[in-house]
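A.B. asks: Here the sequence shown is numbered in the numbering used here, starting from 568 and rising by one per residue. Every residue, glycine too, gets a C-beta built ideally from N, C-alpha and C. Here it is, the structure, as structure tokens.
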Amino acid sequence: MSLKKDSYYEELESKGYYNTIDKRSKDYREYKQWKANKIDVEYEEIKSNIEKNNSSRVGLGDVVEKITEATGIKKVVKSVVGEDCGCDERKENFNKISLWRRRKVRCISKEDYRWFKDFTKGRVTRYNAEQKRRLTSIYNHIFRTNKEVSSCPPCLNNLVKNISDYIKVWDSK
568 MSLKKDSYYE ELESKGYYNT IDKRSKDYRE YKQWKANKID VEYEEIKSNI
618 EKNNSSRVGL GDVVEKITEA TGIKKVVKSV VGEDCGCDER KENFNKISLW
668 RRRKVRCISK EDYRWFKDFT KGRVTRYNAE QKRRLTSIYN HIFRTNKEVS
718 SCPPCLNNLV KNISDYIKVW DSK
């Protein structure tokens with residue numbers, strides 16, 4: 568099955584064509600395959616952006632090291648003390664200080680990403696128990712929190728907003 572250009576599917580999708588055709592037709596099957604491929608590509612892009620960002624974190628130890636290199640202090644200390652001056656251990660300890668570390672986010676799983684994309688297609692005013700549990704689970708996984716499942720609609724709307732913002736940020740990098 569050869570897929571057509573993205574613009575073909577996007578144009579027909581915007582006109583609502585796929586809502587009206589027979590779901591068993593070849594055209595609809597191609598559309599569903601294109602949609603699944605598009606979501607997979609978006610997911611892989613988000614995943615790589617998160618991995619890049621998490622590997623490039625800067626802590627207090629990194630800042631101190633850059634300052635000592637720029638001012639020449641590091642060269643003086645190495646020439647006076649020798650190679651093992653304890654700078655590397657200090658750098659690691661400084662990097663562990665939580666005030667200087669931003670919390671690393673986790674990558675959303677492909678299954679959760681697909682579920683969330685489908686979930687946010689329509690406007691939701693009421694959440695069923697499964698949606699509440701799933702949203703809370705996704706949020707806790709991404710942001711490394713332990714929030715409890717809530718039945719408060721504004722709280723759930725906030726979870727949806729935060730997850731959407733997370734996806735927008737990593738989708739655009």
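(1) Give the straight-line distance between the Cα atoms of K590 and Y598, rounded to the nearest whole angstrom.
(2) Can you give the beta carbon distance from R673 to H708, rounded, assuming they're within the 8 Å contact cut?
(3) Pop quiz: L570 and W601 are said to be a contact at Cβ under 8 Å. What is the actual Cβ separation, rounded to whole angstroms?
(4) Compare the beta carbon distance of Y680 and L723 with 7 Å and say whether it is the shorter of the two.
(5) Alpha carbon to alpha carbon, how far is K593 from T703?
(6) Alpha carbons only, please: which of I734, S718, G689 and I675 is nearest the one belonging to R711?
(7) Give a yes or no on whether the C-beta atoms belonging to V644 and C652 are separated by under 7 Å.
(8) Cβ atoms of V716 and R700: under 7 Å apart, would you say?
(9) Is it the case that the Cβ atoms of Y610 and K677 are separated by a distance below 7 Å?
(10) Give the straight-line distance between the Cα atoms of A696 and I588, rounded to the nearest whole angstrom.
(11) Does V691 come out as helix, strand or coil in the three-state DSSP assignment?
(12) If we ignore side chains and look at the alpha-carbon of each, how far apart do C654 and E618 end up?
(13) Taking the C-alpha atoms as reference points, what is the distance between K572 and Y585?
(14) Relative to the alpha-carbon of W682, which residue among V631, T692 and Q698 has its alpha-carbon at the smallest distance?
(15) Note down the Cα distance separating I734 from I613, rounded to an integer number of angstroms.
(16) Could you check if A637 is buried or exposed, using at least 16 other CB atoms within 10 Å of its CB as the buried criterion?
C.D. replies: Concretely, from the data shown:
(1) As a first step, residue 590 must be located in the sequence shown, where it is residue number 23. As a first step, residue 598 must be located in the sequence shown, where it is residue number 31. Using only the alpha carbons, I get a separation of about 10 Å.
(2) Counted from its first residue, the sequence shown places residue 673 at position 106. Counted from its first residue, the sequence shown places residue 708 at position 141. Rounded, the Cβ-Cβ distance is 6 Å, consistent with contact.
(3) Here residue 570 refers to the residue found at position 3 of the sequence shown. Here residue 601 refers to the residue found at position 34 of the sequence shown. About 5 Å; that satisfies the 8 Å criterion.
(4) Stepping through the sequence shown from its first residue, residue 680 is reached at position 113. Stepping through the sequence shown from its first residue, residue 723 is reached at position 156. It is not a contact, given that the beta carbons lie outside the stated cut-off.
(5) If you number the sequence shown from 1, residue 593 lands on position 26. If you number the sequence shown from 1, residue 703 lands on position 136. Going by the C-alpha atoms only, they are around 37 Å apart.
(6) Position 144 of the sequence shown, counted from the first residue, corresponds to residue 711. With distances taken between Cα atoms, R711 lies closest to I675.
(7) For the purposes of this step, residue 644 is taken as the residue at position 77 of the sequence shown. For the purposes of this step, residue 652 is taken as the residue at position 85 of the sequence shown. A contact, by the Cβ cut-off of 7 Å.
(8) Sequence index remark: in the sequence shown, residue 700 carries index 133 (1-based). Sequence index remark: in the sequence shown, residue 716 carries index 149 (1-based). Against a cut-off of 7 Å, the Cβ pair of V716 and R700 comes out as a contact.
(9) To locate residue 610, count along the sequence shown from 1; it is residue 43. To locate residue 677, count along the sequence shown from 1; it is residue 110. Yes; because the gap between Cβ atoms is below 7 Å, this pair is in contact.
(10) As a first step, residue 696 is located in the sequence shown; it is residue number 129 there, counting from the start. As a first step, residue 588 is located in the sequence shown; it is residue number 21 there, counting from the start. Approximately 32 Å between the Cα atoms of the pair.
(11) Here residue 691 refers to the residue found at position 124 when the sequence shown is read from its first residue. DSSP places V691 in coil when its eight states are reduced to three.
(12) To locate residue 654, count along the sequence shown from 1; it is residue 87. To locate residue 618, count along the sequence shown from 1; it is residue 51. The straight-line gap from Cα to Cα measures roughly 27 Å.
(13) Within the sequence shown, residue 572 is the residue found at index 5, counting from 1. Within the sequence shown, residue 585 is the residue found at index 18, counting from 1. Using only the alpha carbons, I get a separation of about 16 Å.
(14) Walking along the sequence shown from the start, residue 682 turns up at place 115. Checking every option, the nearest Cα to that of W682 belongs to Q698.
(15) Taking the first residue of the sequence shown as 1, we reach residue 734 at position 167. Taking the first residue of the sequence shown as 1, we reach residue 613 at position 46. Roughly 7 Å between the two C-alpha positions.
(16) Start at 1 with the first residue of the sequence shown, and residue 637 comes out as number 70. So A637 counts as exposed.
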